[in-house]
Amino acid sequence: MELRALLLLLLCFPGFEAQVPNTEETRSEGSSLYFQCPYRAGTTQQQQKAWCRLRGGRWEPLLETKGSHTNWAAKGRIALKDDPTERTVSVTMTELQAEDSGTYCCAYSSYGYHPLRTVSLFVFKELRKWELDSVSVQCPPSTLSYSVGTKVWCRRDETECSIVARTDYPATQLNSKALADRTLIQDDTQKRTVTVTMQKLQAEDSGMYWCALYRRSYLTWLMEVRLSVSKRTKQYTAKESGDVSVQCPYSAPGYRAVSKAWCKEGARKSCSVLVTTNSLEYQRTSQQGRVRIQDDTERGIVTVTMERLQAQDAGVYWCALYEHANLFRMLEVTLNVSEVLAGTTLSGAVGTSQATPPANSPAPSSNGNTFILLSGVLSILFLLALISLVSLYVRRCKQLNRTAHSKRNREEEDTYEKPGVTAQPDSYERLESPRDNSKDLKYVTLNFKSQLSPEDPLYCNVELSEAHRKPKDDNVEYAIIAFKQLPTNDKG
Numbered sequence: 015m016e017l018r019a020l021l022l023l024l025l026c027f028p029g030f031e032a033q034v035p036n037t038e039e040t041r042s043e044g045s046s047l048y049f050q051c052p053y054r055a056g057t058t059q060q061q062q063k064a065w066c067r068l069r070g071g072r073w074e075p076l077l078e079t080k081g082s083h084t085n086w087a088a089k090g091r092i093a094l095k096d097d098p099t100e101r102t103v104s105v106t107m108t109e110l111q112a113e114d115s116g117t118y119c120c121a122y123s124s125y126g127y128h129p130l131r132t133v134s135l136f137v138f139k140e141l142r143k144w145e146l147d148s149v150s151v152q153c154p155p156s157t158l159s160y161s162v163g164t165k166v167w168c169r170r171d172e173t174e175c176s177i178v179a180r181t182d183y184p185a186t187q188l189n190s191k192a193l194a195d196r197t198l199i200q201d202d203t204q205k206r207t208v209t210v211t212m213q214k215l216q217a218e219d220s221g222m223y224w225c226a227l228y229r230r231s232y233l234t235w236l237m238e239v240r241l242s243v244s245k246r247t248k249q250y251t252a253k254e255s256g257d258v259s260v261q262c263p264y265s266a267p268g269y270r271a272v273s274k275a276w277c278k279e280g281a282r283k284s285c286s287v288l289v290t291t292n293s294l295e296y297q298r299t300s301q302q303g304r305v306r307i308q309d310d311t312e313r314g315i316v317t318v319t320m321e322r323l324q325a326q327d328a329g330v331y332w333c334a335l336y337e338h339a340n341l342f343r344m345l346e347v348t349l350n351v352s353e354v355l356a357g358t359t360l361s362g363a364v365g366t367s368q369a370t371p372p373a374n375s376p377a378p379s380s381n382g383n384t385f386i387l388l389s390g391v392l393s394i395l396f397l398l399a400l401i402s403l404v405s406l407y408v409r410r411c412k413q414l415n416r417t418a419h420s421k422r423n424r425e426e427e428d429t430y431e432k433p434g435v436t437a438q439p440d441s442y443e444r445l446e447s448p449r450d451n452s453k454d455l456k457y458v459t460l461n462f463k464s465q466l467s468p469e470d471p472l473y474c475n476v477e478l479s480e481a482h483r484k485p486k487d488d489n490v491e492y493a494i495i496a497f498k499q500l501p502t503n504d505k506g
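According to this note's numbering, the sequence shown is numbered sequentially starting from 15.
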């Protein structure tokens, strides 16, 4: 077994790397790598397969199969499988770390190990920070001789990697805003580690960085870091002649003793200081006497108040640390100043923020005005609908009353004029007064006869066109109306 291991170290060497395909793979920390290595039909299942890493100019086996006993193997975060049917070796590496970066190969054994395919793996750290935060990165140990060469921290662009800090020239100036003066690199030769620390981060520090060896004017890549620094921002809207108050939180222990400033951003991202916490020299500006700044070092909050706002006060402002005439942005504030219309009552400023707003931050005014206007319109529409319903109801009631009245009138008329009801011959109907003491009462006696005598008068309703025609005797009924004077009732 020891002899086999020795042969593996001697025969699995980089000389074969140029003879096989090579690829490059880039992954972030925590992700996985799945890599396949095909082999020819002449390579049988009984031959061992291995996964090797290049260290110190030699291949070092990390995992191998057991030939005819089994066609797979696993160790830690690495799994190796040989599929003789597909003639493919598959390798999986999980939970990748920056120190996994390097060159690998899968190989087969035939009187030695022969690489099937190689891969250059780059695993980068992805860091996300806020402005004024600090970041600390530990570079992995060098795969080459550790004592040889200078360790550097450089910023990568499209063409080159500009050195920011190096172990042979440690930074001595700490009062500059330059990135080099905010970066510290430490080389621990006993633990064989290099630690890089960047302080007071700003959004413009975002980018790609390398931890590398610097020897003979050449850089040897060790690790890549992708840094993203975000700004804390807020937006405020205020009326002319009104006031606005801005609160800027910071890390109290770290920056309690540092001066704070309020400045207005101008051309080329420069910022003109308006007021600071330790000096009044910047009060001699167009905003003199209208800007106040207060630093609550116990709570870690800077409060800036601007009074009697004018249209020209609109713009972008910074809450910033003010150290050695350098500004380190804590918070970026966008201020909008709107005109005051006639009859408008001034109200406080309204602010919005990407970070968590303070508990006493007012709600946006535009949403409130929209809600009030919408509520008023809906109320008016509801009242109009209610009035319309009441009017329709009253109209309907009147129409129903008129219909019922007309129906009763028709029923009373039909009492004497119902069609199809024929009066019986010689029948009488007597109308009497409801009161016995009525004077000059006349009683009517109706006598219906089927035949008309020649001396009786004839009453008939006819159409004008039929006035001279003689009515037929069939189905004609005649009535004789006679008026009689009754004697006066002695009782009444």
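For each residue, glycine too, the CB sits at the ideal point set by N, CA and C.
Would the beta-carbon of residue i fall within 7 Å of that of residue j?
i      : j      : result
Thr117 : Ser134 : yes
Cys120 : Leu130 : yes
Lys274 : Thr247 : no
Cys153 : Val103 : no
Thr164 : Arg180 : yes
Leu6   : Val391 : The first residue shown for the chain is 15 and the last is 506, placing residue 6 beyond what the model contains.
Lys214 : Leu146 : yes
Met212 : Val258 : no
Tyr223 : Met344 : no
Gln249 : Thr384 : no
Please determine, among the options, the residue with the shortest C-alpha to C-alpha distance to residue i.
i      : options                           : result
Trp167 : Glu145, Lys139, Arg142 and Thr197 : Thr197
Asp310 : Cys262, Ala179 and Asp182         : Cys262
Thr99  : Thr37, Leu233, Asn85 and Cys225   : Asn85
Leu241 : Arg169, Arg206 and Pro75          : Arg169
Cys175 : Ala281, Gly221, Ala325 and Ala55  : Gly221
Cys285 : Ala325, Glu346 and Gly314         : Glu346
Glu337 : Ser190, Leu397 and Ser124         : Ser190
Tyr125 : Leu387, Ser393 and Gln61          : Gln61
By Cβ distance below 6 Å, which residues in the same chain neighbour residue i in space, the five residues on each side in sequence not counted?
i      : result
Thr106 : Tyr48 and Ala93
Lys139 : Glu43, Ala112 and Val239
Val151 : Val210 and Val239
Pro433 : A caution first: Pro433 carries a pLDDT of 46, below 50, which makes its placement in the model too unreliable to give a value.
Thr517 : Within the shown structure, residues of the chain are numbered from 15 to 506, placing residue 517 beyond reach of any answer.
Lys63  : Thr79, Asp96, Val103 and Tyr122
Gln200 : Thr209
Asp114 : Val137
Glu218 : none
Val330 : Glu279 and Thr348
Ser148 : Gln213
Ser420 : none
Tyr67  : As written in the sequence, residue 67 is Arg, which differs from the Tyr given in the question. Counting only Cβ-Cβ distances below 6 Å, and skipping sequence neighbours, we find Glu74, Leu76, Gly116 and Tyr118.
Kindly list the residues whose CB is nearer than 8 Å to the CB of residue i, restricted to its own chain and excluding five residues on each side of it in sequence; keep chain order.
i      : result
Tyr53  : Arg101, Thr102, Val103, Tyr122 and Leu130
Arg270 : Thr311 and Gly314
What's the gap between the Cα of residue i and the Cα of residue j?
i      : j      : result
Ala192 : Tyr228 : 22 Å
Arg69  : Ser244 : 38 Å
Gly268 : Thr40  : 37 Å
Cys51  : Trp65  : 10 Å
Ala88  : Ser45  : 18 Å
Val137 : Thr234 : 15 Å
Arg230 : Glu172 : 22 Å
Tyr232 : Pro75  : 29 Å
Ala339 : Gly90  : 53 Å
Ser516 : Lys412 : The first residue shown for the chain is 15 and the last is 506, placing residue 516 beyond what the model contains.
Glu312 : Asp327 : 30 Å
Glu38  : Arg72  : 19 Å
Arg322 : Gly303 : 10 Å
Ala266 : Arg282 : 31 Å
Lys205 : Asp182 : 18 Å
Ser379 : Arg416 : Legend: pLDDT at Ser379 = 44, less than 50; position of this residue unreliable, no value from coordinates given.
Cys333 : Gln324 : 20 Å
Leu406 : Ser389 : 26 Å
Arg410 : Leu395 : 23 Å
Ala418 : Leu398 : 30 Å
Leu387 : Lys143 : 42 Å
Ser393 : Leu400 : 11 Å
Ignore the nearest five residues each way along the sequence and tell me which others in residue i's own chain have a CB closer than 7 Å to its CB.
i      : result
Leu236 : Cys153, Pro154, Ser156, Cys225, Ala226 and Leu227
Gln216 : Glu145, Val243, Phe342 and Arg343
Between residue i and the ligand SAH, is the CB less than 6 Å from at least one heavy atom?
i     : result
Ala64 : The ligand SAH is absent from the structure shown, which contains no ligands of any kind.
The segment 252–259 touching the segment 343–354, judged by at least three CB pairs closer than 8 Å: A contact exists between the segment 252–259 and the segment 343–354.
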